[in-house]
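Q: I'd like to ask some things about the structure below.
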Amino acid sequence: MRRTLSIVLPILQQEGSKRSMSSSRITVGKLLAFLIPLSCCVSAVAWAIAIGRFLLERERSKVEVARLQSLTSAPADAERPE
Numbered sequence: 005m006r007r008t009l010s011i012v013l014p015i016l017q018q019e020g021s022k023r024s025m026s027s028s029r030i031t032v033g034k035l036l037a038f039l040i041p042l043s044c045c046v047s048a049v050a051w052a053i054a055i056g057r058f059l060l061e062r063e064r065s066k067v068e069v070a071r072l073q074s075l076t077s078a079p080a081d082a083e084r085p086e
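As structure tokens, this is what we get:
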């Protein structure tokens, strides 16, 4: 995020100084200079959340399988004649 800001802020500041001399129109280049790094950051955060949720769900499923296996093996041991 800091890297994106370090790229975008100088561009916006430079454009701000130019704006006082020229018209205040937003060009496609200015818009892309801001939106492309922003979309990359949003995408990276979305992927990090998705991977984290996947890993959490995988761990939960392992715990659930172990719990079910312990439940199915416990009654069989208790019913065994000695």
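In terms of this note's numbering, the numbers along the sequence shown are unbroken and rise by one, the last being 86. Virtual Cβ for every residue (Gly too), placed ideally from N, Cα, C.
1) Would you tell me roughly how many angstroms separate the C-alpha atoms of residue 45 and residue 33, rounded to the nearest one?
2) Hey, how far is the Cα of residue 11 from the Cα of residue 49?
3) Under 6 Å Cβ to Cβ from residue 66, same chain only, skipping five residues before and after it: list those, please.
4) Do you know how far the Cα of residue 59 is from the Cα of residue 42?
A: On the basis of the coordinates in this document:
1) Spanning the two alpha carbons is a distance of roughly 19 Å.
2) Going from the Cα of residue 11 to the Cα of residue 49 covers about 19 Å.
3) none
4) 26 Å
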